[in-house]
Each structure stands twice: as C-alpha cells, then as structure tokens.
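Colleague: Converting from the sequence shown to the working numbering requires adding 1258 to each position, the first position being numbered 1.
Ideal Cβ positions, reconstructed from N, Cα and C, are used throughout, including at glycine.
Remember, predicted model here, so these are calculated numbers, not experimental data.
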Amino acid sequence: MLDGWFEREVRPRLRGCAHLVRYADDAVMLFEYEEDARRVMAVLPKRFGKYGLTLHPDKTRLVPFKRPDRMSRWRSVDDGPDAPGTFNFLGFTIHWGKSPMTGKWVVKTRTAADRFRRTLHRVSKWCNDNRHEPLERQQNVLNQKLRGHYGYYGRKGNGKRLTSLLHWVERSWWLALRRRSQCGLSWDAMTRLLKRYPLLTPTMARPA
C-alpha cells in the first residue's frame, strides 16, 4: 500500500529525489529537499486514515539529515536548526560521523541505545537465573546469544558497540558467578576462567 502510493503518486510530484525504505510496519522516507519532506508529512495522516490506520506518534517525525557542516540550512522544528540528525530504524541509530580513513563525513550505524540496554538486561537475567548450571553450558548459551547479536548488528562502523557488549556480557557472567560462590570470585579468577571458557569476539556480517 505505502510502496505503491509512494512510487505512483508521491515521487512524480516532488521537486527532488526521494526514496522509501520499508520493512514490515517500519519505514523511512528520504528526501533531497526539505519542502518535499514537509509536503509528504502533511498528507501522511490522511493517507493512513483512508485505511483505518494511524501514524505512531513517537516514531513519526521530520529529521534533518544533511551533512553536519550544512545543517544550518534546515529549518527543523524537531531537533533544532544546527543539530546533526540521527534517527533509529530497525534497531540501529543512523547518524553522521567522520571516516577514520579519509576524515570525510559519512553515514554510520550503531546499535540503538534502547536495544543495547534491552540485550544487556536479558543477558544479565539469564546469567543470574542459570548461574548454577555447568560452566560449559553457560558458555555455549552465552555464545549463542552473542553470535545472534553479532549476526544482526555486526555492521561496518558498529565495532565499538559490539566490543562494549562483549565487555558487559563478561561482567554480567562474572557477577552471576560471584553470587553462586560462597568465597566470591575475583576478576583475576574470572579472567582465567574466560581463557578456559572464552566468549565469542565481535564479527562483522558480510554485505548482502
């Protein structure tokens, strides 16, 4: 419904280039010109209402996403006229950053903060609930969780978040094992344990 309408009725009426990226019920529309974005934003509620649908009040917004050194040209009512634009989509935060190789502005992705916290909470809870299980089983399950996370979030530019996740998973496992030991467990002892039962290091998924 949205895809066909965008191609047939929206794009031909726009001043500049535009693209629609959609996955299930989530979508991002990209516009070359601000005026085109505002025109489409104004008609979206009516278009969705035609099918008995409504827009998500927290997710539906205009985001200035020009290069940060050009942001002052965007008159944004949402994020301020000079703030570099960022937005979340499918668990990622899309943002601008400098390329470490060239120093030029490039579009980057990182794990969205809410998804990162949610993953840590689930891992911490699992570690506490299963701290009396054999260490080999705990290692296997934690590695399964890490492998799945790396498979989805292992994108170029997201290495720091993946490394941070591994650090906090190791810490969560350590805190859970400390609770099961009557004598406690020092971090030095945990370091030795991790050499015997290592957790997977971050890997980057290959481009499709």
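Going by DSSP in three states, residue 1410 sits in which element: helix, strand or coil?
Modeller: Here residue 1410 refers to the residue found at position 152 when the sequence shown is read from its first residue. Helix, per DSSP.
Colleague: Taking residue 1430 as the reference, give the member of 1377, 1414, 1358, 1359 with the closest Cα.
Modeller: The residue labelled residue 1430 in the question sits at position 172 within the sequence shown. Among 1377, 1414, 1358, 1359, the Cα nearest to that of residue 1430 belongs to 1377.
Colleague: List the residues that DSSP assigns as beta-bridge partners of residue 1355.
Modeller: Position 97 of the sequence shown holds residue 1355. DSSP output for residue 1355 lists 1364 as bridge partner(s).
Colleague: For a quick check, are the C-beta atoms of residue 1252 and residue 1388 less than 9 angstroms apart?
Modeller: Because the chain is modelled from 1259 through 1466, residue 1252 falls outside the range shown and cannot be assessed.
Colleague: Which residues share a DSSP beta bridge with residue 1281?
Modeller: Along the sequence shown, one-based indexing puts residue 1281 at 23. The partner list for residue 1281 (beta bridge, DSSP) reads 1284.
Colleague: Return the first residue and the last residue of the alpha helix (DSSP H) that residue 1374 is part of.
Modeller: If you number the sequence shown from 1, residue 1374 lands on position 116. First-last of the alpha helix (DSSP H) with residue 1374: 1371-1387.
Colleague: Given this structure, state the Cα-to-Cα distance separating residue 1278 from residue 1404, to the nearest angstrom.
Modeller: Against the sequence shown, residue 1278 aligns to sequence position 20. Against the sequence shown, residue 1404 aligns to sequence position 146. Spanning the two alpha carbons is a distance of roughly 31 angstroms.
Colleague: With a threshold of 7 angstroms on Cβ separation, who are the neighbours of residue 1325 within its own chain once the five nearest residues in sequence on each side are excluded?
Modeller: Walking along the sequence shown from the start, residue 1325 turns up at place 67. So the qualifying residues of the chain are 1354, 1363.
Colleague: Which residues mark the beginning and the end of the alpha helix (DSSP H) in which residue 1306 is found?
Modeller: Looking up residue 1306 in the sequence shown gives position 48. Per DSSP, residue 1306 belongs to the alpha helix (DSSP H) from 1292-1307.
Colleague: Under the three-state reduction of DSSP, which class applies to residue 1421: helix, strand or coil?
Modeller: Position 163 of the sequence shown, counting from 1, holds the residue named residue 1421. Note: residue 1421 maps to helix in three-state DSSP.
Colleague: Is DSSP giving residue 1398 helix, strand or coil here?
Modeller: As a working note, residue 1398 is residue 140 in the sequence shown. Three-state result, residue 1398: helix.
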